[in-house]
Amino acid sequence: MKTVNRKARFNYQILETFQAGVVLTGPEVKSVKQGQISLNDSYVKIDENNEAWLVNAHIHPYKFAPNVSYDPTRRRKLLLHKKELLSVQKKIEGRNLTLVPTSCYTNRGKIKIEIGIAKGKKTWQKKEQIRRRDLDREAERDLKGDVKI
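Structure (structure tokens):
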């Protein structure tokens with residue numbers, strides 16, 4: 258199971274990535290392992306206590322658990338080593354950089370979140386990327402057409 262945040266790669270230029278554990282409840286773990294997590298519109302925030310938090314990630318409620326007063330978009334604590342956290346904090350402070358989750362996966366039964374130091378793309382960069390992708394797709398189609406003849 259691997260969930261990828263495709264919007265992050267489109268809206269941001271990912272400069273560097275890190276792997277972090279995430280604190281979840283039991284039903285949330287089962288739901289994530291079934292692939293019922295959405296990282297769209299989520300981000301990572303470092304608070305004043307030097308703790309990293311995953312904000313606005315949506316984990317669908319597990320259907321076999323009692324979901325009384327369950328908040329699917331609650332803040333979840335990320336587990337990083339102190340040195341990693343200070344390094345990331347030092348890299349993003351003072352620059353127009355942000356932390357975004359790029360993917361969620363399991364590693365030896367543990368849920369991991371890949372977070373990336375990202376720089377926001379301008380609108381013209383996004384349009385250029387779409388145009389370049391369409392041109393590549395057209396060229397590939399033309400090449401396939403030439404091979405069949």
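Going by the working numbering, the first residue of the sequence shown is number 258, and it counts up by one from there. For glycine and all other residues, C-beta sits at the position ideal for the given N, C-alpha and C.
DSSP places E341 in no beta strand (DSSP E) but in the uninterrupted alpha helix (DSSP H) bounded by 339-349. The C-alpha of Q276 lies about 10 Å from the C-alpha of P358.
Beyond the five residues adjoining it in sequence on each side, A314 comes within less than 6 Å, by CB distance, of L296, S299 in the same chain, given in chain order. Nearest neighbour of E273 by Cα position, chosen from L311, R388, A375, turns out to be A375. Three or more Cβ pairs closer than 8 Å define a contact, and the region 366-382 falls short of that threshold against the region 318-327. With a cut-off of 8 Å on Cβ pairs, the region 379-390 is not in contact with the region 336-353, counting fewer than three such pairs. By a beta-carbon distance limit of 8 Å, I370 does not contact V286. Their separation comes to about 13 Å.
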